[in-house]
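Novice: The structure follows.
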Amino acid sequence: MSRALYLAAYDVRHPGRLQAAVTVLKNYASGGQKSVFECFLSRRERRCLLDEVAEVLDLEVDSFVLVPLRRQTRPRPLGVAVEPVDPGFFYVG
Numbered sequence: 001m002s003r004a005l006y007l008a009a010y011d012v013r014h015p016g017r018l019q020a021a022v023t024v025l026k027n028y029a030s031g032g033q034k035s036v037f038e039c040f041l042s043r044r045e046r047r048c049l050l051d052e053v054a055e056v057l058d059l060e061v062d063s064f065v066l067v068p069l070r071r072q073t074r075p076r077p078l079g080v081a082v083e084p085v086d087p088g089f090f091y092v093g
């Protein structure tokens, strides 16, 4: 199954719809922050994500965009990033 990388972003006006949109996106996301998520999606997953988001948003006042990212495009990082360092162990409690 072939997958493509997308950025999914939203602006939701109502707290209930916002929580529902976040729940939908987290089911498809591989990462993200605030209102933007990275999603590696197959064609079927892309269609399902769009259908599920359309069910929870009020498209009259809320916004949603799904932007495909091309693999041949090199990222241009901005700012100063700190590379994450994994500790020697993880505590799950």
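In my numbering, the protein residues as written are 1 to 93. Note that CB positions come from ideal geometry on N, CA and C, so glycine has one too.
#1: Under DSSP, the alpha helix (DSSP H) around Q19 begins and ends at which residues?
#2: Can you tell me where the alpha helix (DSSP H) with V61 in it begins and where it stops?
#3: Counting only the same chain and skipping the five closest in sequence on each side, list residues whose C-beta sits under 6 Å from that of G79.
#4: Can you tell me the Cβ-Cβ gap for L66 and A29, rounded? I've got them flagged as a contact below 8 Å.
#5: My guess is that V12 and E52 are in contact by the Cβ rule of under 8 Å, so how many angstroms apart are they, rounded?
#6: Quick check on L50: does DSSP put it in helix, strand or coil?
#7: Which value, in whole angstroms, describes the spacing of the CA atoms of V92 and A21?
#8: Provide the residue(s) that pair with E38 in DSSP beta bridges, ordered along the chain.
#9: How long is the line joining the alpha carbons of Y6 and V82, rounded to whole angstroms?
Specialist: Judging by the given coordinates:
#1: Against the sequence shown, residue 19 aligns to sequence position 19. Per DSSP, Q19 is one residue of the alpha helix (DSSP H) stretching across P15 to Y28.
#2: Taking the sequence shown and counting its residues from 1, the one referred to as residue 61 is at position 61. That residue, V61, is in no alpha helix (DSSP H); it is neither H nor E in DSSP.
#3: In the sequence shown, counting from the first residue as 1, residue 79 sits at position 79. For G79, where only same-chain residues beyond five positions count, there are no Cβ hits under 6 Å.
#4: Here the question's residue 66 lines up with position 66 in the sequence shown. Here the question's residue 29 lines up with position 29 in the sequence shown. Contact flag wrong, Cβ pair sits at about 12 Å.
#5: Walking along the sequence shown from the start, residue 12 turns up at place 12. Walking along the sequence shown from the start, residue 52 turns up at place 52. The Cβ separation is near 14 Å, so there is no contact.
#6: Taking the first residue of the sequence shown as position 1, residue 50 is located at position 50. Of the three classes helix, strand and coil, the one that applies to L50 here is helix, per DSSP.
#7: As a first step, residue 92 must be located in the sequence shown, where it is residue number 92. As a first step, residue 21 must be located in the sequence shown, where it is residue number 21. V92 and A21: Cα-Cα distance of roughly 28 Å.
#8: To locate residue 38, count along the sequence shown from 1; it is residue 38. E38 pairs with L7 and G31.
#9: In the sequence shown, the residue the question calls residue 6 occupies position 6. In the sequence shown, the residue the question calls residue 82 occupies position 82. If you take the alpha carbons of Y6 and V82, they lie about 24 Å apart.
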